[in-house]
Amino acid sequence: MAAAARSFGPEREAEPAKTARVVGSELVDTYTVYIIQITDGNHEWTVKHRYSDFHDLHEKLVAEKKIDRSLLPPKKIIGKNSRSLVEKREKDLEIYLQTLLATFPDVAPRVLAHFLHFHFYEINGITAALAEELFEKGEQLLGAGEVFAIGPLQLYAVTEQLQQGKPTCASGDAKTDLGHILDFTCRLKYLKVSGTEGPFGTSNIQEQLLPFDLSIFKSLHQVEISHCDARRIRGLVASKPTLATMSIRFSATSMKEVLVPEASEFDEWEPAGAAMEGPVTAVIPTWQALTALDLSHNSISEIDESVKLIPKIEFLDLSHNGVLVMNNLQHLYNLVHVDLSYNKLSSLEGVHTKLGNIKTLNLAGNLLRNLSGLHKLYSLVNLDLSDNRIEQMEEVRSIGSLPCLEHVALLNNPLSIIPDYRTKVLAQFGERASEVCLDSTVTTERELDTVEVLKAIQKAREAKSQLSSSERKVSEDSRLSAAPCVRPSSSPPSAAPTSASLPQPILSNQGILGDE
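Take any residue in the sequence shown, count from 1 to its spot, add 7: that is its number in the numbering used here.
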């Protein structure tokens, strides 16, 4: 059963005592390994140790903490792997561990904490290990300007310990002081938080469900978060003044969860500086420094009004979601790169009114059949339409007249299997065919020659069509002009036109000459 995450809040229950049970053993090569299950509140995990590990632990505790030497069951030379001895030793070792935990109820000695893997799974052990790491390498990491990777469980532990109100260095070891973490996080610029799918390590802890607070990070320029629950993340807004790039993947079900977390309890809100219409419960500051936002691989179905809070965004990645319609993008005046690949878009109607200055547009993997909405994206340079449902070559004409388009992808559409697909597509670009790279392949001279032939054939067809149209018009005009004339009975009948398509002219003085 998954561990329930402890919630944020001022009221906290007393911490339950930790327990350790030897729940079994297994024979490895020539020695027995004992399986230990540690319980800390709702969290449980297992570790494995052979008897010699217990012996080494005991010797250190006797030397450092002066515990009773007779507390540990003695060694056995003969029959050490016999079932009866192993079962008795399981019970004795469990009593030994329980006694140690009762002896050190608040902070376990470092050697015991490592023996029971507290530095992986227990709040105090996790923060102590992190503090020591940053004490030794923190300045080096900050100076190098590298991305610092941390897990949700570590952030959860720091958050919990800050809320406990205990001394920042309970163990007495200055290297493990929580202050080292706070000093580091206050100055860090590049952060990566990656959770795990399923239980963490040998525990029942579901990292992606743990709540944590990022308000300890005051200077972030870039943050990457994956496999967490966006609804359980607090404090990211503390980085609004500095954060330029944000990536949150496999974590969100809506854009609002990410961009307006502090307004989750409000029904009505508006971005700071916006014109207020009607009653507003909350005014939310914008992400004034954010220029790149990656929300790919989430479960987002709508581009909601929270995009008003990212007015300076230039790069937006919403690929691999469930977006149905391009809404609200007209609020992003600086947008030049949009990735909406692998969503559920079926229409591009009016897209030029929302993406007027766009240069790169990725629409691969949608449900598109019609491209007419793209014909006014005059700034577009790169366009990916692969893996859609485009069948007719006529649809390509919608993009053939775009003056800046250089890279186009149309693979894995129904039209991509027609004979001479490449040259027929390139022909839609007219004189710019040589400037277009189709499906990541540079146009060859041979293809350009074929394009010229296709263009000549097209021009001939158009000329023939225009001639036929002209002939039909002349024929219609002649029929109107050749209406019957009333003549005297002595006048001979006029000759009929020799050609229906090219009628003979009627002379107005014919009747006068005939009378003479």
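No residue lacks a Cβ here, since even glycine has one placed at the ideal position from N, Cα and C.
Asked	Found
Sufficient close CB pairs (3 or more, under 8 Å) joining the stretch 240 to 252 to the stretch 67 to 85	no
contact_flag[the stretch 414 to 425, the stretch 437 to 447] where n(CB pairs < 8 Å) is 3 or more	yes
Cβ-based neighbour list, residue 38, same chain, cut-off 6 Å, excluding 5 preceding and 5 following	57
Range of the contiguous alpha helix (DSSP H) that encloses residue 121	117 to 122
Option nearest residue 223 by Cα separation, candidates 208, 202, 236, 187	187
Length of the line joining the Cα atoms of residue 180 and residue 119	15 Å
Cβ-based burial, residue 27 [other Cβ within 10 Å; buried from 16]	buried
Three-state secondary structure assigned by DSSP to residue 193	helix
Buried versus exposed, by CB contacts within 10 Å (16 or more), residue 427	exposed
Runs of beta strand (DSSP E) lying entirely within the stretch 182 to 265, each at least 3 residues, in chain order	197 to 201, 229 to 233, 252 to 256
Local conformation of residue 367 per DSSP, three classes	strand
Beta-carbon proximity list for residue 385, same chain, < 8 Å, skipping 5 on both sides	409, 410, 411
Contacting residues, own chain, Cβ-Cβ under 7 Å from residue 495 (five flanking each side not counted)	The pLDDT assigned to residue 495 is 46, lower than 50, so where the model puts this residue is not dependable, and the model offers no usable value.
Contact with chain B by residue 435, beta-carbon distance below 9 Å	Absent here is chain B; the protein component of the structure consists of one chain.
DSSP bridge partner residues for residue 32 (one or two, in chain order)	41
Cα-Cα separation between residue 250 and residue 195, rounded to whole angstroms	11 Å
Supposed close pair residue 116, residue 185 - CB separation, criterion 8 Å	That pair is no contact at about 19 Å.
Bounding residues of the beta strand (DSSP E) (the contiguous stretch that carries residue 57)	50 to 57
Ranges of the beta strand (DSSP E) found wholly within the stretch 310 to 338, counting only runs of at least 3	322 to 324
6 Å Cβ shell around residue 209 - same chain, five flanking residues per side excluded	52, 53
For residue 389, the three-state DSSP class (helix, strand or coil)	strand
Cα-Cα separation between residue 345 and residue 405, rounded to whole angstroms	19 Å
Spatial distance of residue 216 from residue 236 (CA atoms)	6 Å
Stretch-stretch touch, CB-based, cutoff 8 Å, three pairs: the stretch 331 to 343 with the stretch 356 to 367	yes
Inter-stretch contact (C-beta, 8 Å, three-pair minimum) for the stretch 129 to 138 and the stretch 151 to 165	yes
Per DSSP, the bridge partner or partners of residue 346	324, 369
Cα-Cα separation, residue 310 to residue 202	25 Å
Supposed contact pair residue 458 and residue 430 - C-beta distance, whole angstroms, cut 8 Å	5 Å
Residue 200 vs residue 233 beta-carbon contact at 9 Å	yes
Pick from 369, 368, 400, 365 that is closest to residue 377, judged by C-alpha positions	400
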